[in-house]
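Just so you know, the sequence shown maps onto residues 0 to 419 in numbering that gives the first Met the number 0. Where a beta carbon is used, it is the ideal one built from N, C-alpha and C, also for glycine. From a predicted model like this one, the values you see are computed outputs, not experimental measurements.
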Amino acid sequence: MSIPRVARTLALAAAVACAATLAGQTASLRARVYASGFTAPLAFIPDPTDRTVQFVVEQSGRIRAVRSGVTADADFLDLRGAVLSGGERGLLGLAFAPDTASGRFFVNFTDRSGNTVVARFRRSSSNPLVADASSRFDLKWGGGPAFIAQPFSNHNGGNLVFGPDGYLYIGMGDGGSGNDPDHRAQNPRELLGKMLRIDVAVPDADANGYRVPPDNPFTSGNPAGTRPEIWDFGMRNPWRFSFDDPSRGGTGALVIGDVGQDHWEEIDYEPGGRGGRNYGWRNREGSHDNVTALPPAFQPLIDPIFEYDHSVGQSITGGYVYRGSALGAAYVGRYFFADFVQGRVWSVALTIDGTGAARASGLLEHTSELGGVSQLGNVSSFGADADGELYLVSYSRGTVLKITGPATAPPTPVNPRIVS
Ligand SMILES: [Ca+2]
């Protein structure tokens, strides 16, 4: 997580002042503790085979099963012996295969050498709430190493999500340090600083554990040398991203919260199936020129649909386009997100045009009505259950909060942007 960034809160006073101006106008959402007692939780993932069950990922390497809000005694999986945890390292992501009969799931973690591993496991046949630890297979990248080398400790990305197309998307940070010193996010030969898309529906005996989907955008090798697993260029640290779920009326878009450097936190919106883009880092931070000493891999550079500056927050946690019902129809289609450092939560309305592109408007801050920073702590992730209802993961409080609310219209927004 972004612990080093916490020191960078000289703008806190300004952020609190901004929160005060937004407080009190929103009264329709609530958050209640759904499950608690976790240590540094980072993700909340529904069980695709049982709507009463979700899994909580702890940074240290444990995955814990929660049924109807009650945490099971036995761990689903304990990877503490394989994981290097601390700072932005650890067990960072979990995704269940859409082919649920396979029992497969995938995790993303920092190994004891500090490198990124994407590993496949199976649930045990006798108890689906316990994984078969012996089934571990680490994906081999390009037929080579069973890890992705990380040059620095930070910016490990860590999220992995199956798209509506059945392929596995993996968000890779730029490798770390500051301002991507080796320009990796624009290097076609590097998996770092990219969104990857792979087909993991391969037999157990497959040597690499994945294949490149034939319609990946860079399989022709243009730009020269591009790794075929790459779906998009120009990510800095896409800590959390999600798809707007078509099975619940969503557009299928990929919505990414990409953590910024010194000035801008951003939301990138990719219409469904529209990969092959360059989101700009490090040439751009948000919609602003950044380090331009070396050219980007290709043009154009796609600006975010929304950004906020570091007087407001310092590390974005991407959330979900809401597709549930409990919050009321007025919230359906709004994108929820948070700032990890400040413990603030917002949503924006999305207007989709004929090309599938989105425009963000009508910002609402939900921090106060969700219990304020004292309840939210550092928001590390959002989750969505089988009904599309939203949850927040509080890293510092060790809780999972469920967002609820009467079915009333959201209040009138006051700020079109939260850039102060
Ligand atoms: Ca960008």
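From the DSSP secondary-structure annotation, give me the bridge partner or partners of residue i.
i: Asn277; result: Phe232
i: Phe136; result: Arg119
i: Ala170; result: The sequence given here places Gly at residue 170; Ala does not occur at that position. Its beta-bridge partners are Met194.
i: Arg103; result: Arg121
Are residue i and residue j touching if we call contact CB-CB under 8 Å?
i: Gly68; j: Ala42; result: no
i: Ser380; j: Val392; result: yes
i: Asp352; j: Ile301; result: no
i: Phe377; j: Gln260; result: In the sequence under discussion, the amino acid at residue 377 is Asn, which differs from the Phe named in the question. No, they are not a contact pair.
i: Asp231; j: Met194; result: yes
i: Val52; j: Arg66; result: yes
i: Arg103; j: Arg79; result: no
i: Leu349; j: Ile402; result: no
i: Phe336; j: Thr366; result: no
i: Phe240; j: Gly256; result: yes
i: Ser286; j: Glu264; result: no
Let me make sure I understand the geometry here. Which of the options has the alpha-carbon closest to that of residue i?
i: Arg283; options: Arg273, Gly92, Gly36 and Phe297; result: Phe297
i: Arg88; options: Gly157, Phe136, Thr99 and Asn277; result: Gly157
i: Gly141; options: Ser84, Asp49, Asp205 and Ala356; result: Asp205
i: Gly318; options: Pro202, Thr225 and Asp384; result: Asp384
i: Leu167; options: Pro202, Gln149 and Val106; result: Val106
i: Phe108; options: Ala145, Ser133, Arg276 and Asp203; result: Ala145
i: Pro270; options: Asp257, Gly249 and Glu264; result: Gly249
i: Asn236; options: Ser360, Arg281 and Asp288; result: Arg281
i: Gly274; options: Val331, Gly143, Asp164 and Pro47; result: Asp164
Taking residue i as part of the beta strand (DSSP E), name the residues at either end of that continuous run.
i: Gly382; result: Val378 to Ala383
i: Ala348; result: Arg343 to Ile351
i: Trp238; result: From DSSP, Trp238 is part of no beta strand (DSSP E); its letter is neither H nor E.
i: Thr38; result: Segment: none, Thr38 is in no beta strand (DSSP E) and carries neither H nor E.
i: Tyr319; result: Ile315 to Val320
i: Gly256; result: Leu253 to Asp257
i: Tyr330; result: It is not in any beta strand (DSSP E) - Tyr330 carries neither H nor E in the DSSP assignment.
i: Gln53; result: Val52 to Glu57
i: Glu264; result: Trp263 to Glu269
i: Arg61; result: Arg61 to Arg66
i: Asp164; result: Taken as a continuous stretch (DSSP letters only), Asp164 belongs to no beta strand (DSSP E), as it is neither H nor E.
i: Leu293; result: Element bounds for Leu293: n/a, residue is neither H nor E.
Any heavy atom of ligand 1 closer than 7 Å to the beta-carbon of residue i?
i: Arg119; result: no
i: Arg281; result: no
i: Gly233; result: yes
i: Glu265; result: yes
i: Tyr278; result: yes
i: Asp338; result: no
i: Pro303; result: yes
i: Asp257; result: yes
In terms of residue numbering, what span does the alpha helix (DSSP H) encompassing residue i cover?
i: Gln374; result: Gly371 to Leu375
Measure from the C-beta of residue i to each C-beta in chain B and report whether the shortest distance is under 8 Å.
i: Ile255; result: Looking at the structure shown, chain B is missing, and only one protein chain is on hand.
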